[in-house]
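Let me begin by presenting the structure, written as structure tokens, before commenting on it.
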Ligand SMILES: [Mg+2]
Ligand SMILES: [Mg+2]
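Residue numbers (this note's numbering), protein chains in the order written: chain A, 793 to 1147; chain B, 793 to 1147.
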């Protein structure tokens, strides 16, 4: 039996509902597999601005830094659009404080769900990839200049920044199908040549058991649409990762099934669904908890090293989808709490099956 | 009757075959509509390296600068992979000498061809867009630095560079469905804020009759896959345009039907299919001339201001596709010259229909 300290940041809109579903899944996993999860709920985003005038209060920060992993619901909403402090600042602050430099975005299309995809079913059915995006460097965080007639942005990468995120990708590949596709534009830009050299060196020195290939960003955009099944882990710098992970996110035909993780060098991480706070349906028990449950599965696997438990949760989620217990956004009639409860029940069933 | 000087650069591999098809189409258009096209064939790329040891000989340059428009077949091939001079240098040289700063990449999916697309037919059938990409600035041409442990690339844009390519997009929109979607990342980078401000100012001052919307590059990548029919002209800077035009190019399911243009400020331009030199099938009359014929249609429209003639050629191409006169790459059995001849015949038929 292991003990884990989990901080939950429910946030705004549908955040509390989906975070609650995540907590129930963790409690059930703890119960079934004999782990001791302790939970602390803290404020972030709009609710924190409203309550203590700070999107990322100091006690939230202290709790996150002391936790084994953090689960976030969602932040933001039109309510805070015209306010000086923005809910999204809470998200940037927690990422920065926890030193999170790798964003993990899995995308998979179960055969039973391929009909939802904008792609033809035979192309996308069974696709299962993980995009590992560098989160703190590159053009988005570079020096900028501006005059009346010109503007510049600088893209900067260091060997160390590339190495640490590449390490995350290689480690993730070892837990998956053992293949990394590293994306760059090394035929044109210098930061991409540094990127490719660094990835190659690290691969040769420490990860030669993992299959490594390189792809140019423009080719990769094409591959995601024409042969998404050919990829396992996709490693990429910040801006290319922004574009490619958003492109990949539309392939399942619904973002309601997608989770994400942001990791630092300690293995601790922040887990959240990729959907937003959807204030229009908040409090109505309509929100789809599946993206959060997939995020919890990632937490089990990447921060808590509980891969059997993660497999069980994945199987439970898949079973509930197959049984057609789906929220409105997926064409079903179930409430969010019905889906959440069904997954918890399936965790118990799948654990017995697996045992 | 108008007179036009056309330079043809057949180039390497299948280049001469497809360029020949382009010439036949122009000759037929001239014959039917009473225009006087004169043709000059010049060397570029690998053949020019082999013959005069220069991928872009001076007399080719002089002819291109004196021409009303230039039609290029294709350059390059493995034969020159290990040579010091590269065929592709010819392409960069002609673009630079002619001052070509706007790359136009149309993408359309006729309903009869939607079955080829990786996208579901209802999503893509009838899509018809034109991507206008800035071709000489941004990260790909910026200052670079490199040390053992760091690398940088600079992205620079000036108001003048943005204005001149935006003008091409607005003018093209007026000849199409009168809508421009300008792509940037203005929520994060400075060059994108300059881009958006400049596009907005030019729109207000000179093109307020054209509908203008803005999209972030990551969102645009998603839109291309989920709702490609919603776009007419897409305007974007160099690197975003590289990624998005390649992404768009896979939507028809074959690159054999796609042409392109590169334009400067005088209206003169370079026209070429987007496919490569395909040396493996060169000289066998298997190459699909349709990408070149679409490029010729763009030449008629954008450089020669012959829109009725362009419409006729487009209709001729569509009629030949509908009749199933297709090369192997499109699942047909016709030779390249059979397709070329069929389009020429259809130009005569369509011109009479239209008259
Ligand atoms: Mg994004
Ligand atoms: Mg490209």
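Using N, Cα and C, we set each Cβ at its ideal position, and we do this for glycine too. Since the structure is predicted, the reported quantities are computational estimates derived from the model, not experimental observations.
Beta-carbon spacing of residue i, residue j below 9 Å
| i | j | result |
| --- | --- | --- |
| residue 1038(B) | residue 1010(A) | yes |
| residue 1032(B) | residue 998(B) | no |
| residue 1005(A) | residue 974(A) | yes |
| residue 1025(B) | residue 1090(B) | no |
| residue 799(B) | residue 861(B) | yes |
| residue 1069(B) | residue 838(B) | yes |
| residue 901(B) | residue 1044(B) | yes |
| residue 1049(B) | residue 1142(B) | no |
| residue 1127(A) | residue 1072(A) | no |
| residue 925(A) | residue 1028(A) | yes |
| residue 1119(B) | residue 1074(B) | no |
| residue 824(A) | residue 1084(A) | no |
| residue 859(A) | residue 832(A) | yes |
Exposure label - residue i; buried when at least 16 CB within 10 Å
| i | result |
| --- | --- |
| residue 903(A) | exposed |
| residue 830(A) | exposed |
| residue 1000(A) | exposed |
| residue 826(A) | exposed |
| residue 794(B) | exposed |
| residue 937(B) | exposed |
| residue 1097(B) | exposed |
| residue 876(B) | exposed |
| residue 898(B) | buried |
| residue 883(A) | buried |
| residue 1153(A) | Because residue 1153(A) is not part of the residues shown, which for chain A are 793 to 1147, the question remains open. |
| residue 929(B) | buried |
| residue 1115(A) | exposed |
| residue 870(A) | exposed |
| residue 1145(A) | exposed |
| residue 850(B) | exposed |
| residue 919(B) | buried |
Sequence-distant residues of its chain with Cβ nearer than 8 Å to residue i (five each side left out)
| i | result |
| --- | --- |
| residue 1087(B) | 814, 863, 1051, 1052, 1053, 1063, 1064, 1065 |
| residue 844(B) | 835 |
| residue 1133(A) | 816 |
| residue 1008(A) | 975, 976, 977, 978, 979 |
| residue 934(B) | 945, 946, 947, 948 |
| residue 911(B) | 1017, 1020, 1043 |
| residue 1013(A) | 1035, 1036, 1039 |
| residue 964(B) | 896, 922, 924, 1025, 1094 |
Beta-carbon proximity list for residue i, same chain, < 7 Å, skipping 5 on both sides
| i | result |
| --- | --- |
| residue 1057(B) | 891, 956 |
| residue 1046(A) | 908, 1121, 1122 |
| residue 913(A) | 906, 907 |
| residue 916(B) | 901, 906, 909, 1020, 1043 |
| residue 966(A) | 1002 |
| residue 1101(A) | 821, 825, 1092 |
| residue 818(B) | 798, 829, 1088 |
Reference residue i, options the options, closest by Cα
| i | options | result |
| --- | --- | --- |
| residue 942(A) | 988(B), 798(B), 840(B) | 988(B) |
| residue 808(B) | 798(B), 836(B), 828(B) | 836(B) |
| residue 971(B) | 1022(B), 818(B), 1139(B), 865(B) | 1022(B) |
| residue 865(B) | 886(B), 852(B), 841(B), 802(B) | 802(B) |
| residue 841(A) | 1034(A), 1145(A), 1111(A), 804(A) | 804(A) |
| residue 960(A) | 911(A), 1072(A), 879(A), 1055(A) | 1055(A) |
| residue 923(A) | 1124(A), 1035(A), 1117(A) | 1035(A) |
| residue 1213(B) | 991(B), 913(B), 858(B) | The structure shown does not extend to residue 1213(B), since chain B is modelled only from 793 to 1147, so the question has no answer here. |
| residue 796(B) | 812(B), 958(B), 855(B) | 855(B) |
| residue 993(A) | 1109(A), 958(A), 1130(A) | 958(A) |
| residue 1139(B) | 1012(B), 1111(B), 1129(B) | 1111(B) |
| residue 867(A) | 859(A), 1002(A), 853(A), 848(A) | 848(A) |
| residue 939(B) | 1114(A), 828(A), 982(A) | 982(A) |
| residue 1041(A) | 1060(A), 1067(A), 1061(A) | 1067(A) |
| residue 1094(B) | 929(B), 878(B), 1060(B) | 1060(B) |
| residue 986(B) | 1145(B), 969(B), 954(B) | 954(B) |
| residue 853(A) | 881(A), 889(A), 846(A) | 889(A) |
Close-in-space but distant-in-sequence residues of the same chain around residue i (CB under 6 Å, 5 per side omitted)
| i | result |
| --- | --- |
| residue 1136(A) | 816, 820 |
| residue 895(B) | 925, 927, 1054 |
| residue 931(B) | 945, 947, 1031 |
| residue 1124(B) | 1118 |
| residue 995(B) | 1004 |
Using the beta-carbon of each residue, find all residues closer than 5 Å to any heavy atom of ligand 1 and list them in chain order. Residue selection by CB proximity (closer than 5 Å to any heavy atom of ligand 1) returns 1034(A), 1038(A), 1010(B) in chain order.
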